[in-house]
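S.K.: Can you read through this structure? Questions will come right after.
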Amino acid sequence: MKILLIEDELELQKSIQQYFEMEGHIVEVASDYDRAEQKIALYDYDCILVDITLPKGCGLDLVRKTKLKKSKAGIIIISARDSLSDKIYGLDLGADDYLPKPFHLSELNSRIKALIRRKDFDGNLEITLNEIRILPAERSVFINGQNVILTSKEYDLLLYFIANKNRVVSKNALAEHLWGDNADRFDNFDFIYNHVKNLRKKLLENKCCDYLQTIYGIGYNFKIHQ
Numbered sequence: 001m002k003i004l005l006i007e008d009e010l011e012l013q014k015s016i017q018q019y020f021e022m023e024g025h026i027v028e029v030a031s032d033y034d035r036a037e038q039k040i041a042l043y044d045y046d047c048i049l050v051d052i053t054l055p056k057g058c059g060l061d062l063v064r065k066t067k068l069k070k071s072k073a074g075i076i077i078i079s080a081r082d083s084l085s086d087k088i089y090g091l092d093l094g095a096d097d098y099l100p101k102p103f104h105l106s107e108l109n110s111r112i113k114a115l116i117r118r119k120d121f122d123g124n125l126e127i128t129l130n131e132i133r134i135l136p137a138e139r140s141v142f143i144n145g146q147n148v149i150l151t152s153k154e155y156d157l158l159l160y161f162i163a164n165k166n167r168v169v170s171k172n173a174l175a176e177h178l179w180g181d182n183a184d185r186f187d188n189f190d191f192i193y194n195h196v197k198n199l200r201k202k203l204l205e206n207k208c209c210d211y212l213q214t215i216y217g218i219g220y221n222f223k224i225h226q
């Protein structure tokens, strides 16, 4: 999962970033309004965590701009401002959840997981697609009932492909999803091919259908025949 954390309290920012990176996620950070606005304009995210009170602007304006962009990112407002009017306004703008400070990181984690389940997988605690079964809480994958050991990147790839099944996904989108802003530093995306190749090999070795199609010069399509 790729998360954008918009938070100017540096100690809290560091704590949240470290926690979710240890969970295996990509976490990009922005400490002020201008940097956050730039990131939202340039990159796609699965989830955006945004404080209301920011240097140079208001987080609620970022929520509004994110929704105007037609972004598919889930949005959770995290704020010390716990007034009912702020909650209602933020949710009316399009935020998916509102978590007042202080909070436990485990609660934030649970809310993000619930948000992603609702957004991408109809709220299901497990993801089932034909012979593929995934338990996101455990990051476990089963093919035809057999546990398949995937690397962290392979797991994230599979989940991303399933969330975008029957759509052409560009190599650039995959690179951003797996490596965040660091993807801009790569001269080419050959490394994406290696991760996809390894994922496909493990799926086929466990008698999974060959869903992965290469769209030459563009990217990949996880094609499910209906």
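The opening residue of the sequence shown carries number 1 in UniProt numbering; numbering runs sequentially from there.
For each residue, glycine too, the CB sits at the ideal point set by N, CA and C.
1. Touch check for the region 160–179 and the region 137–150: three-plus C-beta pairs under 8 Å?
2. Can you give the beta carbon distance from Leu105 to Tyr45, rounded, assuming they're within the 8 Å contact cut?
3. For Ala30, report the span of its beta strand (DSSP E) as first-last.
4. Give the C-beta separation of Glu131 and Cys209 to the nearest angstrom, bearing in mind that I take them to be a contact with Cβ-Cβ under 8 Å.
5. Would you call Phe103 buried or exposed, if buried means 16 or more other Cβ atoms sit within 10 Å of its Cβ?
6. In whole angstroms, give me the CA-to-CA distance for Gln146 and Arg133.
7. Can we say the region 19–34 touches the region 63–77, given the rule of at least three CB pairs closer than 8 Å?
8. Leaving out the 5 sequence neighbours to the left and right, which residues in its chain are closer than 8 Å to Leu204 when beta-carbon positions are compared?
9. At what residues does the alpha helix (DSSP H) containing Asp96 begin and finish?
10. Return the bridge partner residues of Pro100 from the DSSP annotation.
11. For Ala73, which residues from the same chain have a beta carbon less than 8 Å from its beta carbon, with the 5 sequence-adjacent residues on both sides left out?
12. Please report the distance separating the alpha-carbon of Ile112 from that of Ile78.
13. Would you mind reading off the limits of the beta strand (DSSP E) that contains Gly59?
14. Closest by CA to Lys2, which one among Gly24, Phe222, Asp96 and Glu37?
15. Do the CB positions of Ile75 and Asp96 come within less than 8 Å of each other?
16. May I ask you to list the residues that DSSP assigns as paired with Ala128?
17. Could you pull out every residue in the same chain whose Cβ sits closer than 7 Å to the Cβ of Gln17, ignoring the five residues on either side in sequence?
18. Using CA coordinates, which residue listed in Phe161, Ile215 and Ala173 is at the minimum distance from Ile224?
19. Within a Cβ cutoff of 7 Å, which residues of the same chain sit near Asp51, ignoring the five residues on either side of it in sequence?
20. With respect to the alpha helix (DSSP H) encompassing Lys14, which residues constitute its N-terminal and C-terminal limits?
21. From Tyr98 to Gln213, what does the alpha carbon distance come to, in whole angstroms?
22. How many Å lie between Ser15 and Ser170 at the Cα?
M.R.: So, from the data block:
1. No: the two stretches stay apart, fewer than three of their Cβ pairs being nearer than 8 Å.
2. That belief does not hold up - the Cβ atoms of Leu105 and Tyr45 are roughly 19 Å apart, past 8 Å.
3. Note, Ala30: beta strand (DSSP E), Ile26 to Ala30.
4. With a Cβ gap of about 7 Å, Glu131 and Cys209 count as contacting.
5. The residue in question, Phe103, is exposed, as its Cβ has fewer than 16 Cβ neighbours within 10 Å.
6. Straight-line Cα distance between these residues: approximately 9 Å.
7. Counting Cβ pairs under 8 Å, fewer than three are found: no touch.
8. Excluding sequence neighbours, Leu204 sits near Asp210.
9. Counting along the chain, Asp96 sits inside no alpha helix (DSSP H), nor does DSSP assign it H or E at all.
10. Partner(s): Ser79.
11. Within the same chain, and ignoring the five residues on either side of Ala73 in sequence, the residues whose Cβ sits closer than 8 Å to its Cβ are Leu4, Asp44, Tyr45, Asp46, Cys47, Ile48 and Thr66.
12. In this structure, the CA atom of Ile112 is about 12 Å from the CA atom of Ile78.
13. Element bounds for Gly59: not the beta strand (DSSP E) but the alpha helix (DSSP H), Gly59 to Leu68.
14. It is Gly24 whose Cα lies nearest to the Cα of Lys2.
15. Asp96 is positioned such that its CB atom lies closer than 8 Å to that of Ile75.
16. Before going further, note that residue 128 is Thr rather than Ala in the sequence given. In the DSSP output, where bridge partners are listed per residue, Thr128 has Arg133.
17. Cβ contact annotation for Gln17 (same chain, cutoff 7 Å, sequence separation greater than five): Leu5, Val27 and Val29, in chain order.
18. The shortest C-alpha separation from Ile224 is found at Phe161.
19. So the list reads Ile6, Glu7, Asp8, Gly59, Ile78 and Ser79, once near-sequence residues are dropped.
20. It spans Leu10 to Met22 - the alpha helix (DSSP H) in which Lys14 sits, taken as one unbroken run.
21. Taking the straight line from one Cα to the other gives about 39 Å.
22. Taking the CA atoms as reference points, Ser15 sits about 32 Å from Ser170.
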